[in-house]
Each structure stands twice: as C-alpha cells, then as structure tokens.
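Some notes on the structure that comes next.
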Amino acid sequence: MDFLLDPNVAYLIFLAGIVLVFMAVATPGTGVVEIGALFCFVLVGYALYNLSINWWALVILLLSIVPFVQAIRKPKSLLYLVLSILLVVIGSVFLFASEDGSLISVNPIIALISSGLVSVFLWFVLRKAIEAISRRPTHDLEALVGQVGEAKSAIHSDGSVYIAGEMWSARSDSEIPAGSHVRVIRRDGFTLVVEKQIIIS
0 MDFLLDPNVA
10 YLIFLAGIVL
20 VFMAVATPGT
30 GVVEIGALFC
40 FVLVGYALYN
50 LSINWWALVI
60 LLLSIVPFVQ
70 AIRKPKSLLY
80 LVLSILLVVI
90 GSVFLFASED
100 GSLISVNPII
110 ALISSGLVSV
120 FLWFVLRKAI
130 EAISRRPTHD
140 LEALVGQVGE
150 AKSAIHSDGS
160 VYIAGEMWSA
170 RSDSEIPAGS
180 HVRVIRRDGF
190 TLVVEKQIII
200 S
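Each residue of the sequence shown is one higher than the last, beginning at 0 in numbering that gives the first Met the number 0.
Printed below as a string of structure tokens:
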C-alpha cells in the first residue's frame, strides 16, 4: 500500500472518486458507480491518514457540493455547474500538503493534465445528465405503471430499467436478473417498483 503514499497517485485516485460520486448523484441506478466511488475513497482515506493535507483545500472540496446541488435543482443555470467543477479542481490540486513547505505536492504537469480532463468530462457528462433530469416528465410518471420494459442491471434493492424510451432507477421485492422483462407495478418518487414479467412467445 506504500504506492498510495505518493501524492500523485493519491491525487489521481481522489479525482477518480470525485468523478464517480458526481456521476452517481446525477445518474443513480446500477450501484456499480457507487461501489467504485466507495472503493476509491477507501484508498484515499488511507492516504489522507498518512499524508499531510491542507485543510482549507478540503473545505473547498466540501463547498463544491453546494453549487452542484443547485445545478441539479436549477438545470438551466450552468453557472452553478461551472463553479462546482472549479472548486473540485482547486481543492483537489492543493489537497495534499508538501513536506518541504511548498503549496502543492502534486506534480504540476499531472495536476494540469488530469484536472483539465476531469473538468471537460464532468462538464459534458454532468451537463447532459442534468438536462435529462430537467426534461423528465414528472406529470406522466403514473402512465408508466403497467408498462413492460427490460432490466438493464440486476434489480433488487436498486437497479435500472429501460422503459418507455428512457432509463429509470428501479427496485423489486425479489431479485431480477439483468436482461429480464419487467413490468412496472407502482412508483416511489422517481424510482419504479417492478416485478419480473414472463413473456410467452
């Protein structure tokens, strides 16, 4: 685990965790992204425990959550998304303190390239996800009850289904394998409660 004590490695894993967290919030459903984010932060937690950090940078990272939530609540205002990404980049670059007293311990070239790539990725992916959320027709959700679709992941306590031309978060009282036909029996907010549907050909 000594490789995790390299600030450059810890920084890259931390960025990966941040990306996965933002994706999990913007596009929930499968659980795979959430598990990946948790794994990244377990590794980063080990690094944070053994490395010196700039606490003010950690505060900046935590503050990035506020404009991100606002970006989801107000999809037409992209300023919140820009601000959130900017805070993530600044906070992550300066998170790990240098032992020689300098402000940054991460290789500047690595920081520049990786933060640039992450910024572009978050901008395009999250912007599309937020736009999709804003277009979701909340008044037609009841019309989904009774419709048949396909399980895109294994479904039990959570999962995702493709119904009526869209991906939806879903759950079921019993485990349903990925690829199965499912029928919507009711909804719980934006989560569809489904059951396995047997198609007789």
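C-beta atoms are modelled at their ideal positions from N, C-alpha and C, and glycine is treated no differently.
Just so we're clear, the structure is a prediction, and the values are computed from it rather than from any experiment.
- Short of 6 Å from the beta carbon of proline 6, and not among the five residues preceding or following it, lie these beta carbons of its own chain, in chain order: Phe95, Ser104, Val105.
- With 16 or more other Cβ atoms inside 10 Å of its own Cβ, tyrosine 10 counts as buried.
- Closest option to alanine 56, judged by alpha-carbon separation, among Leu85, Gly178, Val124: Leu85.
- Taken atom to atom, the span from the alpha-carbon of phenylalanine 123 to that of serine 156 is near 30 Å.
- Taking 4 residues as the minimum length, the alpha helix (DSSP H) runs contained wholly in the region 45-86 are 54-62, 64-72, in order along the chain.
- When the beta-carbon positions are compared, isoleucine 17 and valine 87 come within less than 7 Å of each other.
- The beta carbon of valine 32 lies closer than 6 Å to those of Leu19, Met22, Ala23 in the same chain, with the five residues before and after it left out.
- Put simply, the backbone Cα of isoleucine 162 is about 10 Å away from that of leucine 191.
- Here DSSP, grouped into helix, strand and coil, assigns glycine 145 to coil.
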